[in-house]
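Asker: Using my numbering, you'd call the opening residue of the sequence shown number -5 and step up by one each time.
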Amino acid sequence: MTQQTMIARALMVLVFAPAGGLFGKAVAEAAGGHHWWRWLVAALVWLVLFGLVSVAVSNHFDEHR
-5 MTQQTMIARA LMVLVFAPAG GLFGKAVAEA AGGHHWWRWL VAALVWLVLF
45 GLVSVAVSNH FDEHR
């Protein structure tokens, strides 16, 4: 496995794992009858923001190959 592949996999985990937890928290809050939309917004912001960071890092490594 190349270094670029390892970095890409690590970035993917760092983006999707916390977002999945935040989505799960939103579902749990909705099931409990509480305000769930804050967790959903947090998950979407996490996905967009850190997804863009991940793409920028991946592109940086592709340029230097």
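No residue lacks a Cβ here, since even glycine has one placed at the ideal position from N, Cα and C.
1. Let me know if A22 comes out buried or exposed under the rule of 16 or more other beta-carbons within 10 Å of its beta-carbon.
2. Considering T(-4), what are the terminal residues of the alpha helix (DSSP H) in which it resides?
3. Do F17 and A37 count as a contact pair if the criterion is CB distance below 7 Å?
4. For V51, collect the residues of the same chain with a Cβ closer than 8 Å to its Cβ; drop the 5 residues on either side in sequence, then sort them by chain order.
5. If you measure between the beta carbons of W33 and A13, is that distance less than 7 Å?
Answerer: Judging by the given coordinates:
1. Taking the sequence shown and counting its residues from 1, the one referred to as residue 22 is at position 28. If you draw a 10 Å sphere on the C-beta of A22, you find fewer than 16 other C-beta atoms in it, and that means exposed.
2. As a working mapping, residue -4 is identified with position 2 in the sequence shown. Taken as a continuous stretch (DSSP letters only), T(-4) belongs to no alpha helix (DSSP H), as it is neither H nor E.
3. In the sequence shown, the residue the question calls residue 37 occupies position 43. In the sequence shown, the residue the question calls residue 17 occupies position 23. Taking 7 Å as the Cβ cut-off, A37 and F17 qualify as a contacting pair.
4. Residue mapping note: residue 51 aligns to position 57 of the sequence shown, counting from 1. I1, L5.
5. In the sequence shown, the residue the question calls residue 33 occupies position 39. In the sequence shown, the residue the question calls residue 13 occupies position 19. No. Outside cutoff.
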